[in-house]
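Numbering (this note's numbering), first residue to last: 1475 to 1685. No residue lacks a Cβ here, since even glycine has one placed at the ideal position from N, Cα and C. To start, the structure itself, in structure tokens.
Written as structure tokens, this is what we have:
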């Protein structure tokens, strides 16, 4: 069960089926589903799942900011949990008028999603205002770059950063592979049950594993 504030990392590899539903039924759930691409050389490996409990995520508190290190690291601390892909995932809360700064390593890119509030994002080149529900991406640089988020109003922002793969993506729905042939095989494997399947009977959901 995914508890509040925790993370379930489902690494699909060559293919996996999954289902999500609230416990108890009818509960309101506010969550995020994030898709992370994996190198083509690793897309045919066996799938795996990793649960990171909210209690195991360091929270770094400074004046006007609280940063939960879901995975990876920031300047003030890190989460030592090993993840399938090297990715920094920060859940940032900033009070109005305060700022959070993060050093983006050379060659990395970053994506920010504003869960709530409004902030000014700035890097070494210019600044942008980002607000509730908006997404902003910072491209790669050949040197380390300081990113600054200054809250115009109380804000909560998700920051994801990592090294871009620089590989083509062939996708259909939630499936992403490294070639048309691999994508076609993945679709066929799913449709013919080779990834397993989910049996739903009333409120009961049973995952039947592939044989």
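With 16 other Cβ atoms within 10 Å as the buried cut-off, status of residue i
i: residue 1619; result: buried
i: residue 1517; result: buried
i: residue 1566; result: buried
i: residue 1475; result: exposed
i: residue 1576; result: buried
i: residue 1635; result: buried
i: residue 1500; result: exposed
i: residue 1508; result: exposed
i: residue 1562; result: buried
i: residue 1543; result: buried
i: residue 1564; result: buried
i: residue 1591; result: buried
i: residue 1603; result: exposed
Spatial distance of residue i from residue j (CA atoms)
i: residue 1548; j: residue 1580; result: 14 Å
i: residue 1630; j: residue 1540; result: 10 Å
i: residue 1514; j: residue 1651; result: 7 Å
i: residue 1601; j: residue 1511; result: 28 Å
i: residue 1657; j: residue 1489; result: 10 Å
i: residue 1667; j: residue 1655; result: 18 Å
i: residue 1598; j: residue 1616; result: 12 Å
i: residue 1671; j: residue 1682; result: 5 Å
i: residue 1659; j: residue 1645; result: 12 Å
i: residue 1596; j: residue 1535; result: 21 Å
i: residue 1533; j: residue 1610; result: 24 Å
i: residue 1493; j: residue 1480; result: 17 Å
i: residue 1497; j: residue 1525; result: 17 Å
i: residue 1495; j: residue 1593; result: 32 Å
i: residue 1587; j: residue 1607; result: 7 Å
i: residue 1578; j: residue 1643; result: 24 Å
i: residue 1665; j: residue 1551; result: 44 Å
i: residue 1621; j: residue 1522; result: 33 Å
i: residue 1673; j: residue 1483; result: 22 Å
i: residue 1529; j: residue 1661; result: 37 Å
i: residue 1485; j: residue 1678; result: 24 Å
Residue of the options minimising C-alpha distance to residue i
i: residue 1502; options: 1488, 1484, 1669, 1478; result: 1478
i: residue 1559; options: 1653, 1545, 1550; result: 1545
i: residue 1505; options: 1589, 1653, 1675; result: 1589
i: residue 1527; options: 1657, 1554, 1648, 1647; result: 1554
i: residue 1641; options: 1663, 1583, 1653, 1536; result: 1653
i: residue 1695; options: 1533, 1614, 1669; result: Residue numbering for the chain in the displayed model covers 1475 to 1685; residue 1695 lies beyond these limits and cannot be assessed.
i: residue 1663; options: 1482, 1487, 1480, 1481; result: 1487
i: residue 1612; options: 1556, 1537, 1633; result: 1633
i: residue 1520; options: 1669, 1679, 1665, 1673; result: 1669
i: residue 1639; options: 1622, 1583, 1647, 1621; result: 1583
i: residue 1649; options: 1491, 1604, 1591; result: 1491
Residue i: CB within 7 Å of a non-hydrogen atom of the ligand MN
i: residue 1682; result: Judged by which ligands are present, the structure shown has none, so any question about the ligand MN falls away.
Only counting runs of 3 or more residues, tell me where the beta strand (DSSP E) segments fall wholly within the region 1500-1571, in order along the chain. Entirely contained in the region 1500-1571, the beta strand (DSSP E) runs reaching 3 residues are, in chain order, 1522-1526, 1533-1536, 1539-1548, 1551-1553, 1562-1568.
The region 1556-1575 contacting the region 1620-1627, beta-carbon criterion three pairs below 8 Å: Put simply, the region 1556-1575 touches the region 1620-1627. At least three CB pairs are less than 8 Å apart.
In chain order, which continuous runs of the beta strand (DSSP E) of length 3 or greater are located wholly inside the region 1607-1631? Segments of the beta strand (DSSP E) lying fully in the region 1607-1631: 1609-1612, 1619-1625.
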